[in-house]
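Line by line, the protein sequences give chains Z and S.
Going by my numbering, the first residue of the first sequence is number 710, and it counts up by one from there.
Going by my numbering, the first residue of the second sequence is number 145, and it counts up by one from there.
C-beta atoms are modelled at their ideal positions from N, C-alpha and C, and glycine is treated no differently.
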Amino acid sequence: MNNAELVLLKRKAKEIRKLTIDQIGYLGVGHIGGSLSVVEVLTLLYYRHMRIDPAKPKKRDRDQLILSKGHAGPALYSILADKGYFPKEWLHTLNIGGTNLPSHCDMVRTPGIDMTTGSLGQGISAAIGKALGNKIDGISSYIYVIIGDGESNEGQIWESAMAAAHFKLPQIIAFTDYNKLQIDGYTYDVMDLEDITSKWLSFGWFVQRIDGHDMQAVDRAIVKAKDEKCRPSMIILDTIKGKGAFFAEGVITNHNMVFNYETAVKAIKILDKEE
Amino acid sequence: MALKDMRDIYNETLMEMAENDDRIVVLDADLMSSNGTMPFKERFPGRAFDVGVAEADMVGIAAGLSSVGKIPFAASFCSFAGRKTYDQFFISANYAHLNVKLVGTDPGVTAVFNGGTHMSFEDGGIMRNIPGLIVFEPADGVALRNLVKEAVEHYGSTYMRMHRKGNERFYSENETFKFGKGKVLQDGTDITIIAVGLIMLREAMDASELLKKENISAAVIDMHTVKPVDRKLVLEYARKTGAVVTCENHQVNNYLGSAVAEVLSESYPTLMTRVGVPDKFGEVGDLNYLKERFGLTASNIKGRAIELLRNRDRLRGGQR
Ligand SMILES: Cc1ncc(C[n+]2csc(CCOP(=O)(O)OP(=O)(O)O)c2C)c(N)n1
Ligand SMILES: [Mg+2]
Numbered sequence: 710m711n712n713a714e715l716v717l718l719k720r721k722a723k724e725i726r727k728l729t730i731d732q733i734g735y736l737g738v739g740h741i742g743g744s745l746s747v748v749e750v751l752t753l754l755y756y757r758h759m760r761i762d763p764a765k766p767k768k769r770d771r772d773q774l775i776l777s778k779g780h781a782g783p784a785l786y787s788i789l790a791d792k793g794y795f796p797k798e799w800l801h802t803l804n805i806g807g808t809n810l811p812s813h814c815d816m817v818r819t820p821g822i823d824m825t826t827g828s829l830g831q832g833i834s835a836a837i838g839k840a841l842g843n844k845i846d847g848i849s850s851y852i853y854v855i856i857g858d859g860e861s862n863e864g865q866i867w868e869s870a871m872a873a874a875h876f877k878l879p880q881i882i883a884f885t886d887y888n889k890l891q892i893d894g895y896t897y898d899v900m901d902l903e904d905i906t907s908k909w910l911s912f913g914w915f916v917q918r919i920d921g922h923d924m925q926a927v928d929r930a931i932v933k934a935k936d937e938k939c940r941p942s943m944i945i946l947d948t949i950k951g952k953g954a955f956f957a958e959g960v961i962t963n964h965n966m967v968f969n970y971e972t973a974v975k976a977i978k979i980l981d982k983e984e
Numbered sequence: 145m146a147l148k149d150m151r152d153i154y155n156e157t158l159m160e161m162a163e164n165d166d167r168i169v170v171l172d173a174d175l176m177s178s179n180g181t182m183p184f185k186e187r188f189p190g191r192a193f194d195v196g197v198a199e200a201d202m203v204g205i206a207a208g209l210s211s212v213g214k215i216p217f218a219a220s221f222c223s224f225a226g227r228k229t230y231d232q233f234f235i236s237a238n239y240a241h242l243n244v245k246l247v248g249t250d251p252g253v254t255a256v257f258n259g260g261t262h263m264s265f266e267d268g269g270i271m272r273n274i275p276g277l278i279v280f281e282p283a284d285g286v287a288l289r290n291l292v293k294e295a296v297e298h299y300g301s302t303y304m305r306m307h308r309k310g311n312e313r314f315y316s317e318n319e320t321f322k323f324g325k326g327k328v329l330q331d332g333t334d335i336t337i338i339a340v341g342l343i344m345l346r347e348a349m350d351a352s353e354l355l356k357k358e359n360i361s362a363a364v365i366d367m368h369t370v371k372p373v374d375r376k377l378v379l380e381y382a383r384k385t386g387a388v389v390t391c392e393n394h395q396v397n398n399y400l401g402s403a404v405a406e407v408l409s410e411s412y413p414t415l416m417t418r419v420g421v422p423d424k425f426g427e428v429g430d431l432n433y434l435k436e437r438f439g440l441t442a443s444n445i446k447g448r449a450i451e452l453l454r455n456r457d458r459l460r461g462g463q464r
């Protein structure tokens with residue numbers, strides 16, 4: 710990725726971050742913390758790596774993304790709206806009765822969502838199924854999946870970790886959003902994940918660990934993961950929960966926050982001033 | 145003065161009992177802050193376990209604790225306590241005849257903005273199929289406090305469906321409760337409304353007021369224990385009024401409506417109607433939207449009651 714490309718992608722990530730703050734602020738409550746920590750990786754996937762066509766959201770040989778930590782839906786909705794999967798006006802219908810944008814990702818309701826999630830722990834299993842099915846059909850697309858660090862407490866994560874390596878599925882490229890927070894506090898207080906790198910390595914995955922907000926680093930890691938020919942990939946993203954929103958970043962209780970629209974507007978103004 | 149949230153009463157009751165009973169322990173799965181048990185953990189750090197986002201593990205651990213004499217209260221949202229831990233609860237707790245107090249919170253539409261994945265219309269139903277299990281749903285803070293104490297007194301696993309945020313007031317402080325003994329909140333002669341849970345008991349009481357304006361006298365029963373259901377009370381009021389409406393913040397299959405229908409059809413066939421969620425998944429929205437969407441309102445209860453009485457009168461060949 711050259712410098713000009715990097716600048717453009719950074720600008721896009723900021724736009725997505727702003728749309729996400731605006732979207733949740735418009736409703737006044739939502740999963741702001743975990744939405745903001747995945748903005749960079751989602752931006753890189755949707756604007757640089759994934760082979761997709763918003764006009765054909767179900768195209769059989771597309772790359773797919775499973776947002777296993779489904780409560781980060783709003784970040785993904787910002788991107789899908791920007792890419793034209795649905796009108797941008799939908800963003801202000803988040804969680805309103807009858808909406809197509811529920812707080813957790815829903816493939817029945819939302820164009821561009823590849824898997825329904827929200828009950829934590831299920832995403833990598835679905836990725837395995839998609840990858841196996843694609844293999845049967847001779848399709849060589851990538852299946853990306855993003856899990857949370859708290860989500861990694863679930864036993865099913867480790868069942869699927871075993872299975873993806875066993876079935877030799879290098880087309881699965883997974884990310885752990887390692888923002889060190891879950892609902893009840895820091896991951897190392899609630900349920901410690903360390904040594905997370907060794908855990909994934911010992912399950913037979915190709916593991917990289919990088920700064921999840923450094924877009925150059927995330928890009929390189931994805932490129933390397935695509936080069937891997939035998940093992941599924943786990944890219945551990947060191948991130949900050951609530952990144953970029955002054956009222957959320959660094960606040961331990963930022964999982965699901967109540968904040969008004971003025972606060973959202975103020976946060977967006979602050980982001981605009983940074984460059 | 146605003147009433148305390150139901151979750152805070154749950155926590156207070158457990159703390160109160162734990163002072164004199166060191167068998168009581170608390171488990172959560174990264175929802176300790178949501179379910180109100182953080183103060184318990186601060187007071188009894190060695191007896192409160194947050195296992196992270198791992199509900200199945202939580203219930204298995206609770207079973208182990210029970211096997212060495214503890215009385216574990218383990219909580220998660222109804223969706224996960226119910227669906228996700230069913231086998232662990234079934235085998236490790238119930239089949240093994242242990243003493244695990246499983247608690248599901250945010251029943252039915254009260255999951256609001258968490259949406260369909262978190263909205264459980266079926267947990268009470270699947271729990272009712274576990275042999276010997278007590279399944280209950282307190283409608284206010286007084287009932288909650290008393291029934292949690294009942295659960296401690298009772299050896300054997302229980303499933304409590306608990307409203308989490310907010311509260312209601314149906315009972316006076318000194319009211320007493322027993323599993324399997326429903327409460328007549330209001331007597332009536334024309335029709336019986338049997339409800340379970342906080343939001344539906346409120347709607348049922350409001351419906352009885354609406355019916356009064358139509359000169360229909362409705363009895364209202366709080367069937368806080370759905371298993372075992374209070375057969376005696378159901379039959380007594382079926383005989384007395386000859387028409388029964390059930391109301392539940394749950395799918396109409398397999399929970400309260402089904403339990404009442406089973407009693408009636410086997411022992412005293414009576415026309416009835418079930419107000420509750422039809423054969424549908426949950427969805428996202430605010431509480432008013434969702435109540436309307438699934439017909440969980442006083443006006444729907446009233447309409448269904450009037451329709452039921454008309455049908456009955458038609459069958460009897462009479463006029464109302
Ligand atoms: C099976 C299941 N249990 C509980 C929840 C409730 N819940 C939603 S998010 C969350 C914490 C997740 O933490 P993490 O994966 O670290 O998310 P992030 O920090 O990225 O927001 C919990 C417990 C759920 N959605 N699914
Ligand atoms: Mg986290």
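Burial state of residue i (16 or more Cβ within 10 Å)
i: Z:Ile961; result: exposed
i: S:Arg383; result: exposed
i: S:Tyr381; result: buried
i: S:Val296; result: buried
i: Z:Pro811; result: buried
i: S:Thr226; result: One detail in the question is off: residue 226 of chain S reads as Gly in this sequence, not Thr. With 16 or more other Cβ atoms within 10 Å, it is buried.
i: S:Arg464; result: Because the pLDDT of S:Arg464 is 48, which lies under 50, any placement of that residue in the model is unreliable, and the question is left without a value.
i: S:Arg138; result: With chain S running from 145 to 464 in the structure shown, residue 138 of chain S is simply not present.
Reference residue i; option with closest CA among the options
i: Z:Lys797; options: Z:Met966, Z:Cys939 and Z:Glu724; result: Z:Glu724
i: Z:Ile979; options: Z:Val716, Z:Asp731 and Z:Ile822; result: Z:Asp731
i: S:Glu347; options: S:Pro422, S:Lys325, S:Thr441 and S:Gly268; result: S:Thr441
i: S:Gly208; options: S:Lys376, S:Leu345, S:Ser301 and S:Pro183; result: S:Ser301
i: S:Asp374; options: S:Phe280, S:Thr261 and S:Asn359; result: S:Phe280
i: S:Asp366; options: S:Lys424, S:Gln395, S:Gln330 and S:Glu353; result: S:Gln330
i: Z:Lys950; options: Z:Gly959, Z:Ile944 and Z:Gly821; result: Z:Gly959
i: S:Val404; options: S:Lys376, S:Phe438 and S:Asp231; result: S:Lys376
i: Z:Leu745; options: Z:Lys778, Z:Val716 and Z:Gln773; result: Z:Lys778
i: S:Met263; options: S:Ser223, S:Ala237 and S:Lys228; result: S:Ser223
Proximity test, residue i beta-carbon vs ligand 3 heavy atom, cut-off 7 Å
i: Z:Asn888; result: Ligands displayed in this structure: ligand 1 and ligand 2; ligand 3 is not among them.
Beta-carbon spacing of residue i, residue j below 8 Å
i: S:Asn164; j: S:Asp172; result: no
i: S:Val364; j: S:Ala339; result: yes
i: S:Pro216; j: S:Val169; result: yes
i: Z:Asn963; j: Z:Gly742; result: yes
i: S:Ala283; j: S:Leu342; result: yes
i: Z:Gly864; j: S:Ala200; result: yes
i: Z:Asp928; j: Z:Tyr887; result: no
i: S:Leu175; j: S:Phe221; result: yes
i: Z:Asp823; j: Z:Ile775; result: yes
i: Z:Glu860; j: Z:Leu829; result: yes
i: Z:Ala784; j: Z:Val748; result: yes
i: Z:Ser850; j: Z:Arg760; result: yes
i: Z:Thr826; j: Z:Ser787; result: no
Assigned secondary structure, residue i (DSSP; H/G/I helix, E/B strand, else coil)
i: S:Glu347; result: helix
i: S:Leu147; result: coil
i: S:Arg313; result: coil
i: Z:Pro783; result: helix
i: Z:Gly960; result: According to the sequence displayed, residue 960 of chain Z carries Val and not Gly. Three-state DSSP puts Z:Val960 in coil, outside helix and strand.
i: S:Asp430; result: coil
i: Z:Ile1004; result: Coverage of chain Z is limited to positions 710 through 984, which leaves residue 1004 of chain Z absent and any answer about it impossible.
i: Z:Met943; result: strand
i: S:Arg167; result: coil
i: Z:Gln925; result: helix
i: S:Arg464; result: Its pLDDT being 48, under 50, S:Arg464 is placed unreliably by the model, and the measurement read from it follows with that caveat. If DSSP states are grouped into helix, strand and coil, S:Arg464 belongs with coil.
i: Z:Val854; result: strand
i: S:Phe221; result: strand
i: S:His394; result: strand
i: S:Arg383; result: helix
Unbroken beta strand (DSSP E) run spanning residue i, endpoints
i: S:Thr336; result: Ile335 to Ala339
i: S:Asp201; result: S:Asp201 -> not in any beta strand (DSSP E); alpha helix (DSSP H) instead, spanning Glu199 to Ser211.
i: S:Ile278; result: Ile278 to Phe280
First and last residue of the uninterrupted alpha helix (DSSP H) at residue i
i: S:Leu408; result: Leu400 to Ser411
i: Z:Pro820; result: It is not in any alpha helix (DSSP H) - Z:Pro820 carries neither H nor E in the DSSP assignment.
i: Z:His875; result: Gly864 to His875
i: S:Lys327; result: Note, S:Lys327: premise wrong, no alpha helix (DSSP H); beta strand (DSSP E) at Lys327 to Gln330.
Interface partners of residue i on chain C, CB under 7 Å
i: S:Ser177; result: The chain labelled as chain C is not found among the protein chains of the depicted structure, namely Z and S.
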